[in-house]
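One line per chain: the protein sequences are A and B, in this order. Take numbering that gives the first Met the number 0: the last position of the first sequence gets the number 233, and nothing is skipped along the way. Take numbering that gives the first Met the number 0: the last position of the second sequence gets the number 233, and nothing is skipped along the way. Cβ coordinates follow ideal geometry from the N, Cα and C atoms, glycine included. Report on one structure; see the data block that follows.
Number of protein chains: 2
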Amino acid sequence: MAEPQDRAVRRRAGRPPRALLGTDKITRAALKLVELEGYRGLTMAALARRLNVAPSALYNHVRSKQDVLLLVEEDLMGRVEVSGFATDPWPDAVRAWAWSYRNVFARHAPLIPVIAVLPVTDAPRTLMMYEAVTTGFARAGWPEDQIVDAIVALESFIFGSALDVGAPADIFDTGTLAAQTPSFTAAVRRRAAAAQDNGAPGAAESDRAFALGLEALLAGLSAGLAPGSAGAPG
Amino acid sequence: MAEPQDRAVRRRAGRPPRALLGTDKITRAALKLVELEGYRGLTMAALARRLNVAPSALYNHVRSKQDVLLLVEEDLMGRVEVSGFATDPWPDAVRAWAWSYRNVFARHAPLIPVIAVLPVTDAPRTLMMYEAVTTGFARAGWPEDQIVDAIVALESFIFGSALDVGAPADIFDTGTLAAQTPSFTAAVRRRAAAAQDNGAPGAAESDRAFALGLEALLAGLSAGLAPGSAGAPG
DNA sequence: CCACTAAATGAATGGCATTCATTTTTATTA
DNA sequence: TAATAAAAATGAATGCCATTCATTTAGTGG
Numbered sequence: 000m001a002e003p004q005d006r007a008v009r010r011r012a013g014r015p016p017r018a019l020l021g022t023d024k025i026t027r028a029a030l031k032l033v034e035l036e037g038y039r040g041l042t043m044a045a046l047a048r049r050l051n052v053a054p055s056a057l058y059n060h061v062r063s064k065q066d067v068l069l070l071v072e073e074d075l076m077g078r079v080e081v082s083g084f085a086t087d088p089w090p091d092a093v094r095a096w097a098w099s100y101r102n103v104f105a106r107h108a109p110l111i112p113v114i115a116v117l118p119v120t121d122a123p124r125t126l127m128m129y130e131a132v133t134t135g136f137a138r139a140g141w142p143e144d145q146i147v148d149a150i151v152a153l154e155s156f157i158f159g160s161a162l163d164v165g166a167p168a169d170i171f172d173t174g175t176l177a178a179q180t181p182s183f184t185a186a187v188r189r190r191a192a193a194a195q196d197n198g199a200p201g202a203a204e205s206d207r208a209f210a211l212g213l214e215a216l217l218a219g220l221s222a223g224l225a226p227g228s229a230g231a232p233g
Numbered sequence: 000m001a002e003p004q005d006r007a008v009r010r011r012a013g014r015p016p017r018a019l020l021g022t023d024k025i026t027r028a029a030l031k032l033v034e035l036e037g038y039r040g041l042t043m044a045a046l047a048r049r050l051n052v053a054p055s056a057l058y059n060h061v062r063s064k065q066d067v068l069l070l071v072e073e074d075l076m077g078r079v080e081v082s083g084f085a086t087d088p089w090p091d092a093v094r095a096w097a098w099s100y101r102n103v104f105a106r107h108a109p110l111i112p113v114i115a116v117l118p119v120t121d122a123p124r125t126l127m128m129y130e131a132v133t134t135g136f137a138r139a140g141w142p143e144d145q146i147v148d149a150i151v152a153l154e155s156f157i158f159g160s161a162l163d164v165g166a167p168a169d170i171f172d173t174g175t176l177a178a179q180t181p182s183f184t185a186a187v188r189r190r191a192a193a194a195q196d197n198g199a200p201g202a203a204e205s206d207r208a209f210a211l212g213l214e215a216l217l218a219g220l221s222a223g224l225a226p227g228s229a230g231a232p233g
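Structure follows, in structure tokens:
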């Protein structure tokens, strides 16, 4: 009850006795703001308002809005499931990791172009995720010089799939051009019908595509390992 | 020589005798601007300057900046290679399509979050691409109700991989946290060494990851089609 | 005790997409 | 053909947004 003290009372200028901000508080406020208003609502002004502080005060703790996004990203990376890599068979561990990774970032699609290109240096949680995944791959017998490529390939699929989750249900509506695209229009109808037969509602379509692609990747990657190379994963 | 007529001469207000703009001219100017200055440089003001016109004039031809991005996207979709689907074996056609798709959008990464979520309705070139791909899948014997899911899965991988192309060479530099991430750090070093042995310079790392993932997807999807199994794994 | 640094305020600044009133020209229609 | 509507331009706002700067106040290290 005493938390949002006096919103109306203006604080006078000058350093306060106890610091009002900190990267942790900024991170939590940013996450809450995104949850409530989406990334469009994540502005420095809105963030400051939420923290009951002037916008310029934020710049004592972050260098830019980009910095705020990085704080959020690091927090999210800590929510990705990697525990399976220590214990489970390789395909199960990858499956659990991939689904949780996709689901975490499906709700944070605007971060994806940022993450995909962001150096991991000084991003501890992100690095810990990669460390766990790498040990799991090594444990399964992957040759060391291919592990990072395999992770990057899986990650690319995951990022693209996370974006796909945000697509509207009618994204493939061919509209007035249906007559000129008969094969595609038919395939889209069949897919929708199949999804409904399954009793699954709208959003499940991206789930089906993700499952299909992930299983194909798992099978294909396993097969690539199998022949004469360092042994099949498991 | 006569192209940029009189930059300094102010046109007086009012409709000009011949229209100065049009969606085609706007599209070309936007593409040129992006080529020269990147997406940061693609502002309505810069676009107008390039077309020797007032910014507000653009709004007689597009509803918003988002519209400009859609014009660019449609143009780019026309550059994706789909001719193989009419003639080549399925894996070859998919390979050619996937590589060209990725390469086209690697240079237009900021468009990817837009495309991934954009309805295809009234986007003729985009639809024609999907039509060609779909016919190729059908020709290869894919069950109609799985074609769209397979395309979406491949596309997700392609979009994610296109983002990856823009990553800096040192994206996986573990910096001061190397000691806490020994497996990952070692794998990154091995990868870099392998890339150098190949004589391939920097950007080739994302190519290797893309090739690995694409071949795995192709193999996995083909296997899922095999006689006995009724399609994708559940 | 004093200088320095940290952390806040509040008032700019400049860039951006977009809107609106106005003007001029072309196209339509009665 | 005359009147009117619609199209396409200008130029001046508008409002939002990230960021910077001068200023104020409060702890901190020598």
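Residue i versus residue j: straight-line alpha-carbon distance, rounded
{"i": "G83 of chain A", "j": "R49 of chain B", "result": "55 Å"}
{"i": "A7 of chain A", "j": "T42 of chain A", "result": "Residue confidence is low: A7 of chain A scores 49 on pLDDT, short of 50, so the model does not pin down where it sits. No coordinate-derived value is stated."}
{"i": "V61 of chain A", "j": "S160 of chain A", "result": "31 Å"}
{"i": "G21 of chain A", "j": "R27 of chain A", "result": "10 Å"}
{"i": "V52 of chain A", "j": "M128 of chain B", "result": "51 Å"}
{"i": "A152 of chain B", "j": "L19 of chain B", "result": "42 Å"}
{"i": "G77 of chain B", "j": "H107 of chain B", "result": "14 Å"}
{"i": "D23 of chain B", "j": "S99 of chain B", "result": "23 Å"}
{"i": "R235 of chain A", "j": "G223 of chain B", "result": "No answer is possible for residue 235 of chain A: it lies beyond the span of chain A, which begins at 0 and ends at 233."}
{"i": "R14 of chain A", "j": "Q65 of chain A", "result": "25 Å"}
{"i": "R17 of chain A", "j": "P54 of chain A", "result": "18 Å"}
{"i": "T86 of chain B", "j": "A137 of chain B", "result": "13 Å"}
{"i": "N102 of chain B", "j": "I150 of chain B", "result": "17 Å"}
{"i": "G233 of chain B", "j": "D206 of chain A", "result": "Any reading at G233 of chain B is ruled out, since the residue's pLDDT is 28, under 50, leaving its predicted position unreliable."}
{"i": "S228 of chain A", "j": "W141 of chain A", "result": "Any answer about S228 of chain A is weak, because its pLDDT of 43 lies below 50 and its placement is not dependable; what the coordinates show is given next. Straight-line Cα distance between these residues: approximately 9 Å."}
{"i": "Q195 of chain A", "j": "E204 of chain A", "result": "10 Å"}
{"i": "R188 of chain B", "j": "T180 of chain A", "result": "48 Å"}
{"i": "T38 of chain B", "j": "D148 of chain A", "result": "The question names Thr, but residue 38 of chain B in the sequence shown is Tyr. Going by the C-alpha atoms only, they are around 28 Å apart."}
{"i": "L32 of chain B", "j": "D144 of chain A", "result": "40 Å"}
{"i": "P90 of chain A", "j": "A168 of chain B", "result": "29 Å"}
{"i": "R10 of chain B", "j": "G40 of chain B", "result": "25 Å"}
{"i": "N59 of chain A", "j": "A139 of chain A", "result": "46 Å"}
{"i": "A12 of chain B", "j": "A178 of chain A", "result": "44 Å"}
Supposed contact pair residue j and residue i - C-beta distance, whole angstroms, cut 8 Å
{"i": "A208 of chain A", "j": "F158 of chain A", "result": "Actually they do not touch by this definition, with Cβ atoms about 14 Å apart."}
{"i": "L176 of chain B", "j": "P88 of chain A", "result": "The Cβ separation is near 29 Å, so there is no contact."}
{"i": "T134 of chain A", "j": "D172 of chain B", "result": "Going by Cβ atoms, the distance from T134 of chain A to D172 of chain B rounds to 19 Å, so no, they are not a contact pair."}
{"i": "E72 of chain A", "j": "L110 of chain A", "result": "6 Å"}
{"i": "A95 of chain B", "j": "V164 of chain B", "result": "Contact doesn't hold; Cβ gap of about 18 Å is too wide."}
{"i": "L46 of chain A", "j": "V67 of chain A", "result": "7 Å"}
Cβ pair residue i, residue j closer than 8 Å
{"i": "L57 of chain B", "j": "I25 of chain B", "result": "yes"}
{"i": "L126 of chain B", "j": "F183 of chain A", "result": "yes"}
{"i": "G219 of chain A", "j": "L216 of chain B", "result": "yes"}
{"i": "A97 of chain B", "j": "L211 of chain B", "result": "no"}
{"i": "A131 of chain B", "j": "V93 of chain B", "result": "no"}
{"i": "A193 of chain A", "j": "I146 of chain B", "result": "no"}
{"i": "P112 of chain B", "j": "L162 of chain A", "result": "yes"}
{"i": "F156 of chain B", "j": "S155 of chain A", "result": "yes"}
Interface residues of chain B facing residue i [CB-CB closer than 7 Å]
{"i": "G174 of chain A", "result": "T120 and D121"}
{"i": "F104 of chain A", "result": "In chain order: nothing, as chain B lies at least about 11 Å away."}
{"i": "R190 of chain A", "result": "D144, V147 and D148"}
{"i": "A193 of chain A", "result": "D144"}
{"i": "E130 of chain A", "result": "T180, S182 and F183"}
{"i": "L46 of chain A", "result": "Simply none; closest approach about 22 Å."}
Contacts that residue i makes with chain A (C-beta to C-beta distance below 7 Å)
{"i": "T134 of chain B", "result": "S182"}
{"i": "A186 of chain B", "result": "T133, E143, I146 and V147"}
{"i": "V151 of chain B", "result": "D163 and A208"}
{"i": "A222 of chain B", "result": "A218"}
Under 9 Å from the C-beta of residue i: neighbouring residues of chain A
{"i": "V116 of chain B", "result": "A108, L162, D163, G165, A166, P167 and I170"}
{"i": "G212 of chain B", "result": "D148, A149, V151, A152, L153, S155, F156, L216, G219 and L220"}
Contacts of residue i in chain B (Cβ-Cβ under 9 Å)
{"i": "L32 of chain A", "result": "Here the premise fails: no neighbours, minimum Cβ distance about 20 Å."}
{"i": "G40 of chain A", "result": "Per Cβ cutoff of 9 Å: no residues; G40 of chain A is ~17 Å from chain B at best."}
{"i": "E36 of chain A", "result": "Simply none; closest approach about 18 Å."}
Under 8 Å by beta carbon: chain A residues contacting residue i
{"i": "P112 of chain B", "result": "A108, P109, I111, P112 and L162"}
{"i": "I157 of chain B", "result": "G159"}
{"i": "A97 of chain B", "result": "Correct list: empty, because the minimum Cβ distance to chain A is about 12 Å."}
{"i": "L50 of chain B", "result": "Per Cβ cutoff of 8 Å: no residues; L50 of chain B is ~28 Å from chain A at best."}
Beta-carbon neighbours of residue i, restricted to chain B and to distances below 8 Å
{"i": "A137 of chain A", "result": "S182 and A186"}
Going along the stretch 57–88 of chain A in order, which residues come within less than 7 Å of chain B, judged by CB to CB distance?
none
Identify each residue in the stretch 5–30 of chain A for which the Cβ-Cβ distance to at least one residue of chain B is less than 8 Å, and report them in chain order.
none
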